[in-house]
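Student:
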Amino acid sequence: MTTSTTATTTVLKSLNGAMHAMMEADERVLLIGEDLLDPYGGAFKVARGLSERFPERVLTTPISEAGFVGVAAGLAMRGMRPIVEIMFGDFLMLAADQLLNHISKYRWMYNDQVEVPMVIRAPMGARRGYGPTHSQSVEKHILGMPGLHVVAPSVLHDAGALLRAALLDDLSPVVFVENKLMYARRQLSAEGGRIGELFARSSAERYPTTTVSWEPFDQADVTLVAYGGMVELALEAAETLFFDEELVVEVVAPSSLQPLDLAPILDSLQRSGKLVVCEEGTAGAGFGAEVISRVSAEGFSLLKAAPKRVAARDYPIANTRSLEDMILPQVADLIRACRPS
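In terms of the working numbering, the sequence shown is residues 537 to 877.
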């Protein structure tokens with residue numbers, strides 16, 4: 537992509553560097569999860585080097601997500617700052633009781649006398665041939681849990697900075713969604729309001745939303761909302777539509793899914809009037825449905841056409857890559873959704 541001209545470090549190195557820096561600076565920070573010890577360093581090597589440098593604060597566990605998420609919650613309530621690594625995000629559902637009935641509720645149950653400042657890192661997503669139980673994007677199942685924050689970096693964000701903010705600045709428990717394909721991707725940094733040839737702007741929140749376009753922000757044909765790994769596909773679709781069909785697509789990439797800052801989306805819709813939302817998981821009761829519902833309630837007058845969703849088909853994800861591609865949303869699907877009806 538043209539935007540690679542402003543690429544910096546990879547997402548994996550950004551996350552790994554952030555954990556090294558936080559553990560060096562703050563003895564409250566620890567890491568807990570499966571197979572984290574060196575030389576293995578976790579399933580996706582994000583924890584590499586940490587157990588050698590901080591052997592007493594990298595805790596490797598049995599295969600019991602409910603158990604070690606619960607242990608981390610107890611540590612957080614006693615003043616520590618735990619980072620939990622779920623080996624595959626699919627297995628976050630094995631800790632659903634801890635999330636729904638405990639961690640997300642303690643603040644209210646104890647009248648703000650208890651905080652649970654912890655981060656649960658969850659590698660999500662497919663396109664690697666891992667099959668139906670190691671390829672899912674299950675974050676939509678926790679987006680409706682009050683008390684949880686859900687953060688999803690993309691290549692348009694500084695993943696390490698987001699992780700630091702989630703652990704040290706946010707007193708709420710945070711589920712940190714990491715798309716597996718992003719680990720090897722390079723983060724794209726803005727300089728002077730540009731990312732390569734793209735015009736770029738970001739909100740100033742702890743968890744910023746980044747908006748990019750091939751034209752200055754004075755007119756657009758489509759607002760395309762994407763997060764996590766889908767941002768790369770959205771950028772490719774926007775580039776193709778701009779150069780092949782002269783359609784200006786503004787890609788809006790929130791890093792916080794819950795709570796969601798709707799303002800950048802509404803701002804883009806003032807120029808485009810057309811909304812497309814994409815996600816790698818299935819559409820039903822998902823992120824796209826929530827975005828469209830809120831836009832309909834808070835910005836209905838901005839819409840010039842019915843909003844569209846692009847998502848995975850309602851099937852388990854296959855091992856075979858050709859079948860996997862049939863199930864998952866592709867760049868071609870985004871292009872079709874963005875074209876004039």
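Note that CB positions come from ideal geometry on N, CA and C, so glycine has one too.
Note down the Cα distance separating Asp694 from Gly765, rounded to an integer number of angstroms.
Tutor: Position 158 of the sequence shown, counted from the first residue, corresponds to residue 694. Position 229 of the sequence shown, counted from the first residue, corresponds to residue 765. If you take the alpha carbons of Asp694 and Gly765, they lie about 14 angstroms apart.
Student: Count the other CB atoms within 10 Å of the CB of Ile853; is the residue buried (16 or more) or exposed (fewer)?
Tutor: Within the sequence shown, the letter at position 317 stands for residue 853. The residue in question, Ile853, is buried, as its Cβ has 16 or more Cβ neighbours within 10 Å.
Student: Just verifying my parser: in three-state terms, what is the DSSP assignment at Ile678?
Tutor: Counted from its first residue, the sequence shown places residue 678 at position 142. In this structure, Ile678 counts as coil in the three-state DSSP scheme.
Student: For Gly569, which beta-bridge partners are listed by DSSP?
Tutor: If you number the sequence shown from 1, residue 569 lands on position 33. DSSP output for Gly569 lists Thr596, Glu621 as bridge partner(s).
Student: Mapping the DSSP letters down to three states, classify Thr856 as helix, strand or coil.
Tutor: To locate residue 856, count along the sequence shown from 1; it is residue 320. In the structure shown, Thr856 sits in coil (DSSP, three-state: anything other than H, G, I, E or B).
Student: Let me check understanding here. Comparing Cα to Cα, which of Gln866, Gly683, Gly577 lies closest to Asn637?
Tutor: The sequence position of residue 637 within the sequence shown is 101, counting from 1. Measuring from the Cα of Asn637, the nearest candidate turns out to be Gly683.
Student: Among Leu771, Arg722, Ser792, which one has its Cα closest to the Cα of Tyr743?
Tutor: Residue numbering aside, residue 743 sits at position 207 when the sequence shown is read from its first letter. It is Ser792.
Student: Could you check where the beta strand (DSSP E) with Glu786 kicks off and where it finishes?
Tutor: The count along the sequence shown starts at 1 and reaches residue 786 at position 250. From DSSP, the beta strand (DSSP E) with Glu786 extends over 785 to 790.
Student: Determine the direct distance from the alpha carbon of Arg700 to that of Met559, and round the result to whole angstroms.
Tutor: Locating residue 559 in the sequence shown gives position 23, where the first residue counts as 1. Locating residue 700 in the sequence shown gives position 164, where the first residue counts as 1. Looking at the two C-alpha atoms, the distance is approximately 11 angstroms.
Student: Might you give, ordered along the chain, the residues of its own chain that have their beta carbon closer than 6 angstroms to the beta carbon of Arg564, omitting 5 neighbours on each side?
Tutor: For the purposes of this step, residue 564 is taken as residue 28 along the sequence shown, with counting starting at 1. Correct list, in chain order: Met616, Arg617.
Student: With DSSP run on the structure shown, which of helix, strand or coil describes Gly585?
Tutor: Taking the sequence shown and counting its residues from 1, the one referred to as residue 585 is at position 49. Reduced to three states, the DSSP call for Gly585 is coil.
Student: Let me make sure I understand the geometry here. Which of Val710, Val582, Phe624 has the alpha-carbon closest to that of Ala608?
Tutor: Sequence index remark: in the sequence shown, residue 608 carries index 72 (1-based). The residue with the shortest Cα to Cα distance from Ala608 is Val710.
Student: Is the number of C-beta pairs between the stretch 771 to 789 and the stretch 821 to 838 that are closer than 8 angstroms three or more?
Tutor: The answer is no - the stretch 821 to 838 does not touch the stretch 771 to 789, with fewer than three Cβ pairs under 8 angstroms.
Student: Please go through the same chain and pick out, in chain order, the residues whose beta-carbon is closer than 8 angstroms to the beta-carbon of Arg844, but skip the five residues on each side of it.
Tutor: Along the sequence shown, read from residue 1 onward, the residue named residue 844 stands at position 308. Arg is not the amino acid found at residue 844; the sequence shown has Lys there. Cβ neighbours of Lys844 beyond the five flanking positions: Leu811, Val812, Val813, Ala873.
Student: Secondary structure at Arg643, three-state DSSP: helix, strand or coil?
Tutor: Residue mapping note: residue 643 aligns to position 107 of the sequence shown, counting from 1. Correct three-state label for Arg643: helix.
Student: Go ahead and pull the three-state DSSP assignment for Arg845.
Tutor: Your numbering for residue 845 matches position 309 in the sequence shown. In the structure shown, Arg845 sits in a strand (DSSP, three-state: E or B).
Student: Under three-state DSSP, which class holds Leu793?
Tutor: Along the sequence shown, read from residue 1 onward, the residue named residue 793 stands at position 257. It is a strand residue.
Student: Have a look at Ala825 and Leu611 and give me their C-alpha separation to the nearest angstrom.
Tutor: Taking the first residue of the sequence shown as 1, we reach residue 825 at position 289. Taking the first residue of the sequence shown as 1, we reach residue 611 at position 75. Roughly 35 angstroms between the two C-alpha positions.
Student: Output the distance between the C-alpha atoms of Pro659 and Phe580, rounded to the nearest integer angstrom.
Tutor: Taking the first residue of the sequence shown as 1, we reach residue 659 at position 123. Taking the first residue of the sequence shown as 1, we reach residue 580 at position 44. If I take the Cα positions, the gap works out to 9 angstroms.
Student: Let me make sure I understand the geometry here. Which of Gly625, Ala847, His685 has the alpha-carbon closest to that of Pro653?
Tutor: To locate residue 653, count along the sequence shown from 1; it is residue 117. Ranking the options by Cα distance to Pro653, first place goes to His685.
Student: From Asp574 to Glu588, what distance separates their C-alpha atoms?
Tutor: As a working note, residue 574 is residue 38 in the sequence shown. As a working note, residue 588 is residue 52 in the sequence shown. Their backbone Cα atoms lie some 7 angstroms apart in a straight line.
Student: When we look at the beta-carbon of Asn715 and count the other beta-carbons within 10 Å, is it buried (16 or more) or exposed?
Tutor: In the sequence shown, counting from the first residue as 1, residue 715 sits at position 179. With 16 or more Cβ atoms within 10 Å of its Cβ, Asn715 is classed as buried.
Student: Give me, in chain order, the residues of the same chain whose beta-carbon lies closer than 7 angstroms to that of Phe604; leave out the 5 immediate sequence neighbours on both sides.
Tutor: For this step, residue 604 is matched to residue 68 along the sequence shown. Once the five neighbours on either side are set aside, the close Cβ partners of Phe604 are Ile568, Gly569, Thr597, Val620.
Student: For the structure I just gave you, are there three or more beta carbon pairs, one from the stretch 725 to 734 and one from the stretch 670 to 679, closer than 8 angstroms?
Tutor: As far as the Cβ criterion goes, the stretch 725 to 734 does not touch the stretch 670 to 679, which means the pair count is below three.
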